[in-house]
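Order-wise, the sequence lines are chains A and B. Once you know that position 203 of the first sequence is 206 in my numbering, the rest is easy, because the numbers rise by one and skip nothing. Once you know that position 133 of the second sequence is 136 in my numbering, the rest is easy, because the numbers rise by one and skip nothing. Every residue gets a Cβ at the ideal spot worked out from N, C-alpha and C, and that includes glycine. What follows is one structure encoded as structure tokens, with my remarks underneath.
Protein chains: 2
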Amino acid sequence: MLGVLGGMGPMATVDFMAKVVRNTPAACDQDHVPMVVCSASNIPDRNAALRGEGADPLPAMRDALRRLEAAGATCIAIPCNTAHMWHCALQYETPLLILHIVDAVICELTARKGDCIGVLGTTSTVEGRLYQERLSCKGLSCRVPDAASQDAVMQAIRLVKAGQIAEAANILQVQAEALIDAGCSQVVMACTEIPVALASVEETLRTKLVDATEALARACVRACKTPAQGLACAA
Amino acid sequence: MLGVLGGMGPMATVDFMAKVVRNTPAACDQDHVPMVVCSASNIPDRNAALRGEGADPLPAMRDALRRLEAAGATCIAIPCNTAHMWHCALQYETPLLILHIVDAVICELTARKGDCIGVLGTTSTVEGRLYQERLSCKGLSCRVPDAASQDAVMQAIRLVKAGQIAEAANILQVQAEALIDAGCSQVVMACTEIPVALASVEETLRTKLVDATEALARACVRACKTPAQGLACAA
């Protein structure tokens, strides 16, 4: 049973679950992946904590993990990129495999060695080099927005959390296009709020965007339908 | 923490969670209702069981309830109308309040005493008189599709579970309009798959449809934000 450590944010968790359902070949309820989901919206702000300005979210994340274990989860996914800054700390707490969202994204990239990949994420994800480190191991470089643009991205992410989707979409589309204009072959939507806002973006831009939420959902379906495969990419 | 006994079907559970999130006044993650959700897609088919043709779903529903209790749920919602045929049996199993979807719908009806309400649901929901009994206590009568139309409704519900949304929408729109033409002042979408299909129906029909999923979601937000109120309607 897939365990989802969610609530960061709540609508991103819903978006993730919808993507698990849509990526499962199914003709009836019983063909779907059983899930237990903790939408722990009480987890303190991850970005504030990483700036040294807010409560440590690890205790609340650990509490959600315990609830998922108690409910019988057999592997864990976290539909929040920033929360992966605590991936090691959480994995240390549990014998269950916690799938890593960046590894799931790497499975979906069509870029070739030497390509530059754009990363649209929270300031913590970008400054914490969550994507840069793992992508450089694959011979890929990363480009992130400059400081002023990054502030705009953070503002858009907060708008999604407050339900102001259209306003967020306008900001994020401009920032995604700027990264492509700067030479990125693909742009990762590396915060789970971003695909919620850019769900209906036009086709030309769409084909260059990589949805980290969708990538994680597909990795989960693979892991649950063929457990021996773990997080390996589909052949 | 709201406990959701879900997976019946999986996309209906996702739709329910989205409606809880959208109906919560929130400016940031921490304003949202914490939820633990068991998407127990392994629960045997409720309609087959009620026809005497399939396994009893109660043991699997009880197992999901136990998982929610273990994860720390403090009240329970079941985003599946047909599953409410086992509401009493499940409520008997737990000290936690299980909100009733029909009571939530009654809170949202604008119909007056003597009005006729249309009910679009599974054959089990309709034949089991899930809505008829509770609505008659409020002085409201019910109309359900005739046998051939009811078969079409069931077929549409199965199409949603298999991801064929557009095909399902066409069938359900015809059936909803037929109930309105027959004199119903409102039509309850009394199966959680139905609003998934009719999400983008045109405004004239939309205003006469009552979404049981949305009604349950709003009842949950009220119950979680003002726990003393329980399932009472908003003033």
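(Q) Restricting to runs no shorter than 3 residues, where is the beta strand (DSSP E) found entirely within the region 164-214 of chain A? (A) Counting whole runs of 3 or more residues, the region 164-214 of chain A contains the beta strand (DSSP E) stretches 189-192, 212-214.
(Q) With the cut-off set at 7 Å, would you say V240 (chain A) and A220 (chain A) are in Cβ contact? (A) This structure cannot settle anything about residue 240 (chain A), because the visible part of chain A is limited to 4 through 238.
Q: Examine chain B for any beta-carbon lying closer than 7 Å to the beta-carbon of S203 (chain A), and answer yes or no.
A: It does not; no Cβ of chain B falls within 7 Å.
Q: Report yes if the C-beta distance between E196 (chain B) and V163 (chain B) is below 7 Å; otherwise report no.
A: Yes, the pair counts as a contact, with Cβ atoms nearer than the cut-off.
Q) Is any beta-carbon of chain A found at less than 7 Å from that of V224 (chain B)? A) For V224 (chain B), the closest Cβ of chain A is not nearer than 7 Å.
Q.
Using only CA atoms, which one of A:V40, A:P37, A:S44, A:G75 lies nearest to P37 (chain B)?
A. Measuring from the Cα of P37 (chain B), the nearest candidate turns out to be A:S44.
Q: Give the straight-line distance between the Cα atoms of A76 (chain A) and A151 (chain B), rounded to the nearest whole angstrom.
A: A151 (chain B) has its alpha-carbon roughly 42 Å from the corresponding atom of A76 (chain A).
**Q.** Selection of the region 54-70 of chain B by Cβ proximity to chain A, strictly under 8 Å
**A.** Here the close residues are R70.
Q. Does DSSP put R49 (chain A) in a helix, in a strand, or in coil?
A. In the structure shown, R49 (chain A) sits in a helix (DSSP, three-state: H, G or I).
Q: For chain B, find out if any of its Cβ atoms is closer than 7 Å to the Cβ of G12 (chain A); answer yes or no.
A: Using a Cβ-Cβ cut-off of 7 Å, G12 (chain A) counts as an interface residue toward chain B, since at least one Cβ of chain B sits closer than that to its own.
Q: Report the option in A:M14, A:L53, A:V177 whose CA atom is closest to the CA atom of S127 (chain A).
A: Across the set A:M14, A:L53, A:V177, the C-alpha of A:L53 shows the shortest separation from the C-alpha of S127 (chain A).
Q | Where M38 (chain A) falls: helix, strand or coil (DSSP) | A | The answer is strand: DSSP assigns M38 (chain A) an E or B state.
Q: Using the Cα positions of A238 (chain B) and C110 (chain B), report the straight-line distance between them to the nearest angstrom.
A: Summary for A238 (chain B): the model assigns pLDDT 40, below 50, so the residue's position carries little reliability, and this model does not support an answer.
Q | Same chain, Cβ closer than 7 Å to G12 (chain B), five either side skipped, listed in chain order | A | Closer than 7 Å at Cβ, skipping near neighbours: K164, E196.
Q | For E56 (chain A), the nearest candidate out of A:P47, A:M64, A:P62 (CA to CA) | A | When C-alpha distances from E56 (chain A) are compared across A:P47, A:M64, A:P62, the shortest belongs to A:P47.
(Q) So, with DSSP's three-state summary, where would you put A76 (chain A)? (A) Here A76 (chain A) sits in coil by DSSP.
Q: Please report how far the alpha carbon of W89 (chain B) lies from the alpha carbon of C140 (chain B), in whole angstroms.
A: Their Cα atoms are separated by approximately 20 Å.
Q) Which of helix, strand or coil does DSSP assign to C119 (chain B)? A) In the structure shown, the three-state DSSP call for C119 (chain B) is strand.
Q.
So, with DSSP's three-state summary, where would you put V70 (chain A)?
A. One point to set straight first is that residue 70 (chain A) is Arg, not Val, in the sequence displayed. Residue state, collapsed to three classes: helix.
Q. Would you call the CB atoms of L71 (chain B) and G6 (chain B) closer than 7 Å?
A. At the C-beta level, L71 (chain B) and G6 (chain B) come within 7 Å of one another.
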